[in-house]
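A.B. asks:
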Amino acid sequence: MASAVRRAGVQSGHMPGSVDVAGALAATTFVLGFLALATAGWWSAHVFTAWCGVISIAVGGWSQMISQNRAERFVTVIGLTAGAVGLWVALFHGGFS
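For the sequence shown, our numbering assigns the number 688 to the initial residue and increments by one for each residue that follows.
Below, the structure is given as structure tokens:
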């Protein structure tokens, strides 16, 4: 019952001056996934692509757990998919070695 009690004048949600962690993680997932997908075509960049893909999947998984709205989840899923495809191609090209 304590969670139902709210003080007057206090709003839940984004506070001024605070960092939107879920949005930052979603953006990081998207950028790393895009990087993994964009560099997947180069045979010589398979180590970089594999690491971008793995980090994108790890950050994206965490982002999915703490996301608060549909927009964050949408961006996260696109980044996760791009990172997974990039990782798959990188593993085909030689993986982490």
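Even for Gly, the Cβ is constructed at its ideal location relative to N, Cα and C.
Using the rule of at least 16 other Cβ atoms within 10 Å of the residue's Cβ for burial, across every protein chain shown, is F783 buried or exposed?
C.D. replies: Exposed.
A.B. asks: Can you tell me which of the three DSSP states W738 falls into?
C.D. replies: Three-state result, W738: helix.
A.B. asks: Could you tell me the alpha carbon to alpha carbon distance between R760 and S754, rounded to whole angstroms?
C.D. replies: Approximately 6 Å, taken between the alpha carbons.
A.B. asks: By Cβ distance below 6 Å, which residues in the same chain neighbour Q698 in space, the five residues on each side in sequence not counted?
C.D. replies: With a pLDDT of only 49 at Q698, under the threshold of 50, the placement of this residue in the model should not be trusted; the figure read from the coordinates follows. Cβ neighbours of Q698 beyond the five flanking positions: none.
A.B. asks: Would you grab the beta carbon distance between T763 and Q751 for me? Rounded to a whole angstrom, and I think it's under 8 Å.
C.D. replies: Right, their Cβ atoms sit about 6 Å apart.
A.B. asks: I need the DSSP call for S743, collapsed to helix, strand or coil.
C.D. replies: In this structure, S743 counts as helix in the three-state DSSP scheme.
A.B. asks: How is F783 classed by DSSP in three states: helix, strand or coil?
C.D. replies: Reduced to three states, the DSSP call for F783 is coil.
A.B. asks: Using the rule of at least 16 other Cβ atoms within 10 Å of the residue's Cβ for burial, across every protein chain shown, is S731 buried or exposed?
C.D. replies: Under this definition S731 is an exposed residue.
A.B. asks: Just to confirm before moving on: does the CB-CB distance between G773 and A713 stay below 8 Å?
C.D. replies: In this structure, A713 does not lie closer than 8 Å to G773 by Cβ.
A.B. asks: May I ask you to report which of helix, strand or coil DSSP gives G728?
C.D. replies: Coil at G728, not helix or strand.
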